Amino acid sequence: MSKPKVGFYWCAACGGCEEAVVDLHEEILNVVAAVDILFWPVALDFKREDVEKLHERELAVSFINGAIRSSEQFEMVELLRKKSGLLIAFGSCSHLGGIPGLANLFNRESILANSYKEAFSVENPQGFYPQESIQVPEGKVTLPALWNTVKTLDQVIDVDYYLPGCPPPVELIKEALGAILAGKLPEKGAVLAPDKALCEVCPRKESKPEKPQLREFKRPHEIVIDTEKCLLAQGLLCLGSATRSGCGSACVNGNMPCTGCMGPTSRVLDYGAKALSAIASLVGSNDEKEIAAILSKIADPTGTFYRYSLPASLLHRAYKPEQGGK
Amino acid sequence: MSDINKSDNGNFEPRIVAFFCNWCTYTAADLAGTARMTYAPNARVVRVMCSGRLDPQFILMALREGADGVLIGGCHPGDCHYQEGNYKTLRRFTLLKRLLLDMGIEDKRVRMEWIAASEGDRVQRVMNEMTEQLKKLGPLHLEPVSIDTIHKKVEESVAQAEGVKI
Amino acid sequence: MPVWRGWDKIKYQAQLDPAFAEEVTSIPGGEKLFDCIQCGTCSGLCPLSPYMDFTPRKIIAMIRAGFKGEVLSSHTCWLCASCYACTVECPKGVKITEIMYATKRLAIREGVSPKRFAIPVLAEEFFRDVESNGRNSEGRLIMKLYLKTNPFKALKQATLGLRLWSQGRLGIRSDSIKRKSELKTLLKSLEKERMVRSRRETAHAGEAK
Amino acid sequence: MSTPENKTNGTPRIGVYVCHCGINIAAKVNVAECVEFARSLPYVTVAREYKFICSDPGQELIQQDIRDGKIDRVVVASCSPLMHEATFRKATLAGGQNPFFFQMANIREHVSWVTFDKEMATLKAKALIAGAVMRVARHKPLEKTRVPVNPDVLIVGGGIAGIHAALTIADSGKKVYLVEKEPTIGGHMAKFDKTFPTLDCAACILTPKMSAVRSHPNIILWSYSEVSQVDGYVGNFKVKVRRKPRYVDEELCVGCYECIEKCIFKKAKFEDEFNIGLSQRKPIYIPFPQATPLVALIDPETCTEFRTGKCKKTCVDACERKAIDFQQKEEIKEIDVGAIILATGFKIFDATRIPRYGYGKYPNVFTSLEIERLVNASGPTGGEVRLKDGGKPNSVGIIHCVGSRDINTNRYCSRLCCMASLKLAHLIKERTGAEVYNFYIDIRAAGKGYEEFYDKLLKEGVHFIRGRVAEVSDWTMTADEEGKLVIRAEDTLIGVVRRIPVDMVVLAVGLEPSADADNIRRMFNISCSYEGWFLERHPKLAPVSTFTDGISLAGACQGPKDIPDSVAQAGAAAAEALALIDKGFVELEPNTAFVQDEFCSGCCTCVALCPYSAISFSADNNRASVNGALCKGCGTCVAACPSGALQQNLFTDEQIFEEIRGVMNYV
Amino acid sequence: MNYLYFPGCSLKGTGRAYEDSILSVFKGLQLPLEELDDWNCCGATSYMAISEMKAFALSARNLALAEKQAHSRENFGLVTPCAACYLVLVKTQKYLQEFPDIGDKIKTALKSANLEYGGKVRVRHPLDVLANDFGTEKLASFVKKPLKGLKVACYYGCQIVRPYAEFDDQHNPTTMNRIMHALGARTIDWALKTRCCGGSLTGTIQEVGMRLSYILLREASRLGADVVATACPLCQFNLECYQKQMSREFEDAISIPVVYFSQLVGFAMGLPAKELGMQRLFVPFKFNPAAESVKGGIHVHS
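Protein chains in written order, with numbering that gives the first Met the number 0: chain A, 0 to 325; chain B, 0 to 165; chain C, 0 to 208; chain D, 0 to 666; chain E, 0 to 301.
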């Protein structure tokens, strides 16, 4: 019996997820031993037509990282969906939209204008813009179209499982691969990570106050962070209470507050709204003005609470009229 | 969705989801009824025991499901049936408001009002006022999230992008 | 008047103008006309009510009932000195002074303000003076007023006028502002508005009947 | 409790019942269209309309459908759940289904009664029905818990209402704590001379009841005391009462007046509160001869011993029973009660707020309460109506509606001032023979025998002038006005302004919520009206209940009331308390919060938010847990739980999400 | 605090003495007053009777001019001594806010004349400025000739206290009394201090208007006042200038000086009579502190 065939693909993402695969180190040899990597553009020279030639569902499993932002990405994941038995959203970007998803606070026009015209570092006196198709002597040349908004993977195709994290922790990847190979997968649509919040496993949980009251919010560079004490209790906006565990507490161990890359637990629809609710509820004041003053220290609530999940949020994107909303 | 509600012409009837606390605002709305105070029929009331139960997700969900506005009604500060629930709502609302503004949801679309059990007239006023304001603002068309329903839109946007040539 | 002519005093519903009350409630300040409980606080406080043909309370009742002709031709509103005593004490928040102003304006518009009665004349003279000069000069105003209403009185008042003049308290010379055209444009722009509105109102009133 | 098991299996089968409520709903909402619409909704297997679903046959309709196995969940679209939720839950239970498989859509108070346009009303009704259907599909079976009721009752306020309620309950053999903040019970009624319209003597009917309170074995009377804290819930309130020091031992004092006689102050020189400053008292005093308890007290503000510490303390020597105790301290009593009746009364309107009536400026302008003391035989003048200089008035003007029916003060009608004014007019005329003028806007004499009393006054020659007084002043226009107070008003029936000179002006002041009403309502967690009167649960059908179970209202704390009405309401409040006690238990709403252990990460966000300390965190298993008996079901913790591990029965995230989807998605 | 000054038509005519004394007193107290440039009629009482909207427009022009002239000055007031002007200016502000319809119309009208009003002007009565901004204690320190023994009937009239003013109690105003006490004078406590003087009726239906003024003078004199102090040009005119005619109409003729409160302030400050417009009075005001008044009077407080 031949080995199951596996594909990896990279959409709107930073490349960190590909690194995560490499982070398997020698384990990757076990992976290679167990499966045939058929398609992995970042490492192997495969072309789209190679995928097109595959039979339907010939790939046992495809791992797709990155959010969906362009027509090309959409076409590729649509194609991979057809050719794959299992399709796994790999990492925060494909899971929830990720950091690239913050682009949903703007629209295509303003992003293009910024990148090609307005940004401080741009030198473009003729005002060249990327073109989606152009007539050259040799013929018509086309480029993928940039969409107006960033989408999560499951907003464009059917997704079987999710591997959360920015990037997904090696442990989770190993477990997921193991489960796939063993055919011991949970119900479709599951996130392949523990379903409890990070506080459960936080090394600092002993020091979390039983009745936390937040009187002041601070940013990490503003204070000397105690390496033992609950970060929230120190005034840092640690989102561990709202974030799925399974990351190995990497940030907290690194003396940095959790920023929420693993996304919400299964009972929460909108990560940002829920995290915001938890944090705001703990503000230690009942005075309207004082509440506003305390909360004003949270510099960018949208960017903070939706750092990894804006496209997956209920609102999905900003709707400012000047950005083509409403 | 009915076209009576969502038409872009002058007859636009905004749809409001109103979350009222059982003890003050819901009772006030009952009182407005008993007193036969007619007001704009645009809000659909969802009763919660305390405004403190309001998860910001509910507000976003209402907008996502097609509401043009969300009204939150709770007891006056200091009058909460559960002592302090309304203060907690206030805390969340203060922060949520900033987030909503970032997301382009206008200030007047999501409104919080303290309405005591005796203030039936205030229910009437707030309902009328908010309906008027939303009529001025127009419908809040949130873009559908899933690709199935937006496939066409994506194509349009591509076509549109092709039109944007410099 | 013979006793048997009493039937004359009956007011038939057909003689009343049911739209009159609405006309008054539609002016800013007239909103609370229907809140009146006829307690008489206004008339009791009014230093001028003894001289009025109908007390302010009665005027309110008459407006509500549609006694348009009687109200607009009555002297009451012209005796109102706008001291606002009624307005601040009214237990129902009826802005009686504003209603008096409204009846003054309606009376002038309908041309039924009392003839040769000094006050509307004063108002109109004042209005004209200001319209053209931007300011009024009391001396000229009073002189014109007496000439229009009661020239004999002007003579009677001459001593007072002379004395005022001698103490530098009466200017006969007309005072005016510098940028008259600015003022004219300002007031003109409202006239257009008013004409459109009054046409609309007339049309509306026609419908009501 | 015999709650049946969850009898649903698989997909919910929902019955929707749309009520006509006679024409209350049907006149505005197209009921048939709503039923048709309901049929199109998911899970709905039965949809019916009925004239009055709350009626027996209406409820039977629901029960039969459940019994027939057609439905397992119920939606009734009718009035407010605050009105009939309990009724239909019972009906659902009677049909053999869990009572919480029920949801109500409020299409009367929130739709038909408040919507002008029929089409819009129908549309809104449909939305609410869809919301209820979607929600009830997610309901889970729940059970109410039963808690025993403490049989003791607390009554706050010892006026006629509090007294009557206390005696009623005590007579049934239950224990009553009666807490009064003044040194004596009796309230305002104790200050009156005669009562309208029968003119029987207030003291003659009140004092026997006051002594009955004092001697009743089941009543614990704490006068000069205030409630300082209330915790708990219906059937199980925990109350703290602050007993202010009287500096006279209540058990020892026999009210013999010896100490007062021997006080170093030979003459009384301090304002007598009971007589509203119309007479004086000493630093040690008994408010009035029939005071209950008849115990002296010392006012530390005026007592020389308290002020200087150098008094000869003649009072101490005079007291044979050694009752005087300068060291007495404030005492906090903690009691457990099952029911509470608030009878905290009212205060009279402060007439200085209407400067043009001259109260506080002209000495001979009195309030009606002051006149009550003047006409009272045991009052400061022995019942003689006297001017400030001791003279007899020849003419008296009584001004009605002072501080009532006026947007500048109070909008409401104080209800009893008309009759009180008529009574005072009669008494003044009887005692002095003076000409009495009543200035009124409307005479409100709607009560048994009240109109007849008005007739009597008209016959007695009391003048009635219909016109609200513009001003009371001392500026004169004619010789006969010199030295008098001139009342200026329009006689609206004649249509002229009149100036009437009088010697004495009586201001029939209105009633206002007592000064501490706001504190009281916060402490007892009840609502109040815009003006500050305590709010009843329903203006018609639950006029003595409040929105807080176990707390009822009696007397004028709920709104201006005369004596018969206060007493009637006190009786009703007592009956309500007794009904609760006799039942012996209360069933608590099961809408409590609960932790799903398998999801809780022990983040403690919830713990800080609970005002009732119902959530505790255990470090052992790193979980929070909710004590169902303490949880009152606000859901604040649930909204904040960052991982969705906390949920609230009847208000789970899922249920609310579905309701939102329901009200938005189907119309 | 910076002050612009809106005189209004009357202060340039019958109320000259009011202007004289206000300007002198403010100068003496080092509160510079700068006259509003090209101000126009406020649109008061009579004008309001013809067209309310135009009256608002007139007022709004003044307010717009004031805002422009006060440009960049943070905290400024438009001092308006005339009661009628004061009322109309304040009323206009209230109406522009309360009735968006009117606000919009006036805005458009102003725009057509290249004017704009942003709602920043605070209309102030000199009584308000002296009692509340400057303060009576400070004022007392400027007094050189205390009015000891002088009994003043403070007459506020109607329009500075009703219905819009906020600087004093509508029912029982006291600012002028406090100012008089600061000058060392005594004031009578009378019921008529805000009762109407008859306003413009004295000129139109003299029989009625004069009677109203007469009632006021009669009561002031009955209570033993030496002088009536006023804060409105029309009140002063009505109460003072018709005293001769009153003596023909009514039996108990009254002759009592009627001055502007500002004249008394200036007098106590020791400013020359001429600068206070004293020579313009019909009934001369004389006061000799030595001859303390001992006239009866029941309701006197110091």
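A virtual CB, placed ideally from N, CA and C, is assigned to each residue, including glycine.
All values derive from a computational prediction rather than experimental measurement.
Interface residues of chain B facing T258 (chain A) [CB-CB closer than 8 Å] = Chain B residues near T258 (chain A): none, gap ~16 Å exceeds 8 Å.
Residue burial classification, R316 (chain A) (beta-carbon count within 10 angstroms, cutoff 16) = buried
Is any beta-carbon of chain C found at less than 8 Å from that of P162 (chain E)?
-> yes
Taking all protein chains shown into account, do 16 or more other C-beta atoms lie within 10 angstroms of the C-beta of S39 (chain D), making it buried, or fewer, making it exposed?
-> exposed
Within its chain, find whatever has a CB closer than 8 Å to the CB of K294 (chain E); leave out the 5 residues flanking it on each side and keep chain order.
-> Residue placement at K294 (chain E) is poorly supported in this model, since its pLDDT is 43, which falls under 50; the coordinates still yield a value, given next. Correct list, in chain order: K150, G223, D225.
Where does K5 (chain B) sit, in a helix, a strand or coil, going by DSSP?
-> With a pLDDT of 43 at K5 (chain B), under the threshold of 50, the modelled position of that residue is not reliable, and no figure is offered here.
Listed by chain order, chain A residues near P641 (chain D) by CB distance under 7 Å = A196, S240, A241, K273, A274, A277
Coil, strand or helix - R320 (chain D) by DSSP = coil
contact_flag[the region 238-257 of chain E, the region 27-34 of chain E] where n(CB pairs < 8 Å) is 3 or more | no
Contact check, I15 (chain B) vs L133 (chain B), beta carbons under 8 Å = yes
Should C18 (chain D) and S77 (chain D) be called a contact, given that it needs their Cβ atoms to be closer than 8 Å?
-> yes
Is I149 (chain B) helix, strand or coil when you go by DSSP?
-> Unreliable placement is indicated for I149 (chain B), whose pLDDT of 49 sits below 50; the coordinate value is still reported in the next sentence. Helix.
Between the region 151-183 of chain E and chain H, which residues of the former have CB atoms less than 7 Å from a CB of the latter, in chain order?
-> Given the protein chain composition of this structure (A, B, C, D and E), no chain H is represented.
Hey, how far is the Cα of V120 (chain C) from the Cα of S131 (chain C)?
-> 17 Å
Residue span of the beta strand (DSSP E) that contains F678 (chain D), given as start and end = Here chain D covers residues 0 to 666 and nothing more, so residue 678 (chain D) does not appear.
Skipping 5 residues on each side, what residues in its chain have a beta carbon closer than 7 Å to that of V160 (chain E)?
-> D167, Q169, P172, T193
Proximal chain D residues relative to L233 (chain E), where beta-carbon distance stays under 9 Å = Within 9 Å Cβ-Cβ: nothing; L233 (chain E) doesn't reach chain D, min ~22 Å.
Cβ shell of L78 (chain A) (< 8 Å), same chain only, five flanking positions each side left out | R47, V50, E51
Below-8 Å beta-carbon distance, G138 (chain C) vs any chain E residue = yes
Going by alpha carbons, who is nearest to P168 (chain A) out of A:K116, A:A66, A:E18, A:Q125?
-> A:E18
Can you pull the chain B residues whose beta carbon is under 8 Å from the beta carbon of F304 (chain A), in chain order?
-> L98
What did DSSP end up calling W77 (chain C) once you bin it into helix, strand or coil?
-> helix
For the alpha helix (DSSP H) holding P207 (chain D), just list the boundary residues, first then last.
-> 201-214
State the CB to CB distance for the pair Q654 (chain D) and R134 (chain D), rounded to an integer number of angstroms; the pair is presumed to be in contact (CB under 8 Å).
-> 5 Å
Three-state secondary structure assigned by DSSP to E206 (chain C) = Model confidence at E206 (chain C) stands at a pLDDT of 39, short of 50, so the residue's coordinates are unreliable and nothing is read from them.
Quick one: Cα of A444 (chain D) to Cα of A419 (chain D), how far?
-> 10 Å
Would you call E205 (chain A) buried or exposed, if buried means 16 or more other Cβ atoms sit within 10 Å of its Cβ?
-> exposed
Same chain, Cβ closer than 6 Å to S292 (chain E), five either side skipped, listed in chain order = A caution first: S292 (chain E) carries a pLDDT of 45, below 50, which makes its placement in the model too unreliable to give a value.
Comparing alpha-carbon positions, which option in D:D324, D:N235, D:I184, D:P392 lies nearest V504 (chain D)?
-> D:P392
Best match in A:E174, A:A112, A:D153 for proximity to L23 (chain A) [C-alpha to C-alpha] | A:E174
Start and end of the beta strand (DSSP E) containing Y49 (chain D)?
-> 43-49
Counting pairs of beta carbons, one from the region 411-431 of chain D and one from the region 187-204 of chain D, are three or more of them closer than 8 Å?
-> yes
Candidates A:A102, A:V282, A:C260, A:L101: closest to G164 (chain A) by CA position | A:C260
Is V135 (chain A) close to chain B, meaning its C-beta is less than 8 Å from at least one C-beta of that chain?
-> no
The alpha helix (DSSP H) spanning L28 (chain A) covers which residue range?
-> 26-33
Which residues of chain A have a Cβ atom closer than 9 Å to the Cβ of L70 (chain B), listed in chain order?
-> None at all; the shortest Cβ gap to chain A is about 18 Å.
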